[in-house]
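A quick write-up on the structure given underneath.
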Amino acid sequence: MDLSVIIVNYRGWGKLRECLDALSGYIGKKYISEVIVVDNNSADGKIDPFSEEYRSFRFIRNDKNGGFAYGCNRGARESSGNYLLFLNPDTIAGGNAADLLLEKAKGNERDFIISCRQKDKSGDESIAFGHFLAPGYLTGPGRALNRLLNGAMNRLKSTGVGNPVHPDWVSGSVIMIRRDFFERLGGFDEDFWMYFEDMDLCKRAREKGGEILYYTDLSIEHMHGGSSRINISTTALTKCEVLISKHLYVSKHFSPPGRIISQILLVIGNIITGLVSALLGTVLFFIPKIFVRVHILIRLLAYYTGAAMRKSWISPRSVNS
């Protein structure tokens, strides 16, 4: 088996249909390939009709929503390909994009993680790569300074065409990696329930001498938020998980005393920002996109209380919590 395409889904059936239809057009024609959809316990009765409709693809049911990393690792364990391509269900690998990524992978003799440009239906491009999280980039002013210093370079890299660029990390929405290297890394870290697991994987890959390659001459369509913006509750959950996963990444990869200082700054900054945003959300409760900030603050305060009791930054939704 040359290639295993692994897609983790949670109630993103509409986007998933577009993703699978695109893959159906060419997958397996040039290389021996398989497509595996891991459903993270959507529990909405839709997996059976999908598995009947797409009989050439494999569907795996998780009995719980253990997060993105958990789903990816499950798919990898049950796959057979020498190369693994992790795709979000809201991506569309049109043409023969998966085959082209595989050709680039086969032409690389070093350990690597590969990705490519990502655009929405309007052609607008997202920066699907970046610098590793660092102490100076945790607060609002730090992030603003980072964008000022690196924004022009990032835009140049993302719009250029030619040889691959070498960012610190690439988005988990499109990641190709050789199976043996993925296994040596231990797969995705399931301590992360959602977000920053891609940065963590790239960080560990770089520490083992691997390359991070972002190809500017190839693009895949990506419509963000397919499974993370279903309703207010889901939006609040996923936005809070961004903050939680940032704490976990800091605990794993920052060195003391910077780790301690960074965690304190994150807690203070998140609470202050959360209180201000929640106050605005209370006043403008009739606007769902703003009212959701109240839910985010409630979840965040519950997480900090639990983290202090458990003495752990791991998300309470993680399978390892």
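Sequential numbering from 14 applies to the sequence shown in the numbering used here.
Glycine residues also receive a C-beta, built at the ideal position from the N, C-alpha and C atoms.
(message) What does the Cβ neighbour count give for Pro180, buried or exposed, with the cut at 16 atoms within 10 Å?
(response) Buried is the call here.
(request) Take the Cβ of Phe205 as the centre, count every other Cβ of all protein chains shown within 10 Å, and call the residue buried at 16 or more, exposed below. (result) Phe205 should be labelled buried.
(request) Return the first residue and the last residue of the beta strand (DSSP E) that Tyr96 is part of. (result) It spans Tyr96 to Leu100 - the beta strand (DSSP E) in which Tyr96 sits, taken as one unbroken run.
(request) Report the three-state DSSP secondary structure of Lys132 (helix, strand or coil). (result) DSSP places Lys132 in strand when its eight states are reduced to three.
(message) Quick check on DSSP: helix, strand or coil for Asn333?
(response) Residue state, collapsed to three classes: coil.
(request) Identify which residue in Gly25, Asn333 and Leu278 has its Cα closest to the Cα of Pro102. (result) When each option's Cα is compared against that of Pro102, the closest is Gly25.
(message) Tell me which residues share the same chain as Ile20 and place their Cβ nearer than 6 Å to its Cβ, disregarding the 5 neighbours each side in the sequence.
(response) Once the five neighbours on either side are set aside, the close Cβ partners of Ile20 are Val50, Leu100 and Pro102.
(request) For the beta strand (DSSP E) containing Met189, list its first residue and its last residue. (result) Per DSSP, the continuous beta strand (DSSP E) segment holding Met189 begins and ends at Val187 to Arg191.
(message) Measuring alpha carbon to alpha carbon, tell me which residue in Ile190, Phe299 and Ile281 is nearest Glu224.
(response) Ranking the options by Cα distance to Glu224, first place goes to Ile190.
(message) To the nearest angstrom, how far is the alpha carbon of Val48 from that of Leu33?
(response) Val48 and Leu33 have their C-alpha atoms some 9 Å from each other.
(request) Might you give, ordered along the chain, the residues of its own chain that have their beta carbon closer than 7 Å to the beta carbon of Arg192, omitting 5 neighbours on each side? (result) Contacts found: Gly94, Asn95, Tyr96 and Leu97.
(request) Quickly, what does DSSP pair Leu226 with across the bridge? List them, please. (result) Answer is Ile127, bridged to Leu226.
(request) Give the straight-line distance between the Cα atoms of Gly108 and Ser232, rounded to the nearest whole angstrom. (result) Those two C-alpha atoms are separated by around 10 Å.
(request) Go through the segment 42 to 79 residue by residue and report every complete run of the beta strand (DSSP E) that reaches 3 residues or more, in order. (result) 46 to 52 and 71 to 74, all fully within the segment 42 to 79.
(message) Does the structure place the segment 126 to 136 close enough to the segment 216 to 230 that three or more beta carbon pairs sit under 8 Å?
(response) Contact between the segment 216 to 230 and the segment 126 to 136 is established, with three or more Cβ pairs separated by less than 8 Å.
(request) Have a look at Glu196 and Arg90 and give me their C-alpha separation to the nearest angstrom. (result) Between Glu196 and Arg90, the C-alpha separation is close to 9 Å.
(message) Need the endpoints of the alpha helix (DSSP H) that Ser264 sits in, please.
(response) Ile245 to His266 is the extent of the alpha helix (DSSP H) around Ser264.
(message) 8 Å is my cut-off, CB to CB: does Ile40 come that close to chain C?
(response) Checking the listed chains, one finds no chain C in this structure; it contains a single protein chain.
(request) Tell me whether Phe142 sits in a helix, a strand or coil according to DSSP, three-state version. (result) Strand.
(request) Excluding the 5 residues preceding and the 5 following Tyr67 in the sequence, name in chain order all residues of the same chain whose CB lies nearer than 6 Å to its CB. (result) So the qualifying residues of the chain are Leu33.
(message) Taking 8 Å as the cut-off, does the segment 309 to 324 touch the segment 56 to 76 (at least 3 CB pairs, one atom from each stretch)?
(response) The count of Cβ pairs closer than 8 Å, one atom from the segment 56 to 76 and one from the segment 309 to 324, stays below three, leaving the stretches out of contact.
(request) May I ask you to report which of helix, strand or coil DSSP gives Gly319? (result) Helix, per DSSP.
(request) Would you kindly work out how many angstroms separate the C-alpha atoms of Lys28 and Pro270, rounded to a whole number? (result) Their Cα atoms are separated by approximately 44 Å.
(message) Our contact map puts Tyr44 next to Asp112 with C-beta atoms below 8 Å; I'd like the distance itself, whole angstroms only.
(response) Indeed, because the Cβ distance is near 6 Å, the residues count as touching under 8 Å.
(request) Note down the Cα distance separating Lys221 from Ala82, rounded to an integer number of angstroms. (result) C-alpha separation (whole angstroms): 20 Å.
(request) Closer than 6 Å by C-beta to Leu169: which residues in its own chain qualify, once you throw out the five before and the five after it? Chain order, please. (result) Low per-residue confidence applies at Leu169: pLDDT is 48, beneath 50, and the placement is therefore not dependable enough to give any value.
(request) May I ask you to list the residues that DSSP assigns as paired with Ser17? (result) Glu47 and Leu97, per the DSSP bridge assignment.
(request) Taking only the alpha-carbon atoms, compute the straight-line gap between Ile309 and Ser334 and give it to the nearest angstrom. (result) If you take the alpha carbons of Ile309 and Ser334, they lie about 20 Å apart.
(message) Once the 5 residues before and after Phe304 are set aside, which same chain residues still bring their CB inside 6 Å of it?
(response) Non-local C-beta neighbours of Phe304 in its own chain, meaning closer than 6 Å and more than five positions away in sequence, comprise Gly294 and Phe298, ordered along the chain.
(request) Tell me, please, which residues DSSP counts as bridged to Val178. (result) In the DSSP output, where bridge partners are listed per residue, Val178 has Tyr227.
(request) Indicate the three-state DSSP secondary structure (helix, strand or coil) for Ser325 in the structure shown. (result) It is coil, neither helix nor strand.
(message) So if DSSP puts Glu234 in a beta bridge, which residue, or which two residues, is it bridged to?
(response) Beta-bridge pairing links Glu234 to Ile105 and Lys132.
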